[in-house]
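Quick mapping for you: the protein sequence lines, in order, are chains A and B. Heads up: take any position in the first sequence, counting from 1, add 772, and you land on our numbering. Heads up: take any position in the second sequence, counting from 1, add 772, and you land on our numbering.
Protein chains: 2
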Amino acid sequence: MKASKRKNLEKQGWKIGSVEEFMDLSAEESAYIELKIRLSELLKKRRAKEKLSQVELAKLVRSSQSRVAKMEAGDPSVSIDLLVKSLLALGASNSDLAKAISSKSRAR
Amino acid sequence: MKASKRKNLEKQGWKIGSVEEFMDLSAEESAYIELKIRLSELLKKRRAKEKLSQVELAKLVRSSQSRVAKMEAGDPSVSIDLLVKSLLALGASNSDLAKAISSKSRAR
DNA sequence: GAACTATATGTCATATTCGACATATAGTCA
DNA sequence: TGACTATATGTCGAATATGACATATAGTTC
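This is the structure in structure tokens:
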């Protein structure tokens, strides 16, 4: 539902309920998780290409092996910020990131 | 400098100094800031399109007017995570985000 | 199977980011 | 001018993400 439509409905006295809200949040949450997974996959790919161990990458980005593992696992405790910073440190460009983000999911 | 090249140099006994390191960090930092600016510009555009005030958008994303203002200003205290979540809440898709991220800078 | 090396998982104190609030600035309309 | 609306900026306690560390798991070589 578009925010403008929501706004109009609210003006007309509708209360947008928690079920609709819940569904909206789910869709957003899916997109958010998908985004993180794609970045983590790019990170794995880049690290492999550079033939670095997690320990070596951790050193490069001033982090720790455990956090690198969590990044690559798409752990909920890892922010997009950290993924992006790590990818940039590995030499990825903004358009590399964009490509990864918009790539279609692979066959299963 | 590629991480693999750096690694090889280090194997051969080179110490990658703080100047090189500084330059690398600057480049990464630029890309990071550029990324945030592009997302904040997309947020402004999307909010304008929906004709929402900052207060209304804040409500929609369960935040506050001041944080929305900071998001749109690319304030350092705002994470990419928050920008992304807000954009998704405004109905942007991952490929919308990707487009914004890889877009070339406008003429000045 | 012991000794390595690489990666995964759990925890924790500290650092960063958060929403909220106060307040400032700026534009509009009467 | 003063009231009103929108946006910007600064601060703060609470919430979340961080690097570090310990330890687990798994693969390899001897």
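C-beta atoms are modelled at their ideal positions from N, C-alpha and C, and glycine is treated no differently.
- Contact with chain B is absent for I805 (chain A), since none of that chain's Cβ atoms lies less than 7 angstroms from the residue's Cβ.
- Residue-level contact check: A861 (chain B) touches chain A, since one or more beta carbons of chain A fall below 7 angstroms from its beta carbon.
- A distance below 8 angstroms between beta-carbons, with the five flanking residues on each side excluded, links K808 (chain A) to the following residues of its chain, in chain order: G846, V850, I852 and L855.
- For the 7 angstroms CB-CB criterion, A870 (chain B) and R810 (chain B) do not form a contact.
- Between A870 (chain A) and chain B, the shortest Cβ-Cβ separation is below 7 angstroms.
- Annotation for K816 (chain B): E844 place their beta carbon closer than 7 angstroms to its own, counting only its chain and skipping 5 residues before and after.
- Proximity of chain A to D847 (chain B) at the Cβ level (cut-off 8 angstroms) is not reached, the minimal Cβ distance being about 14 angstroms.
- The three-state reading of DSSP puts L862 (chain B) in coil, since its state is none of H, G, I, E or B.
- Looking from the CA of E800 (chain A), the closest CA among B:A830, B:S838, B:L862 and B:S875 belongs to B:L862.
- Assigned with DSSP and collapsed to three states, K823 (chain A) falls in coil, not helix or strand.
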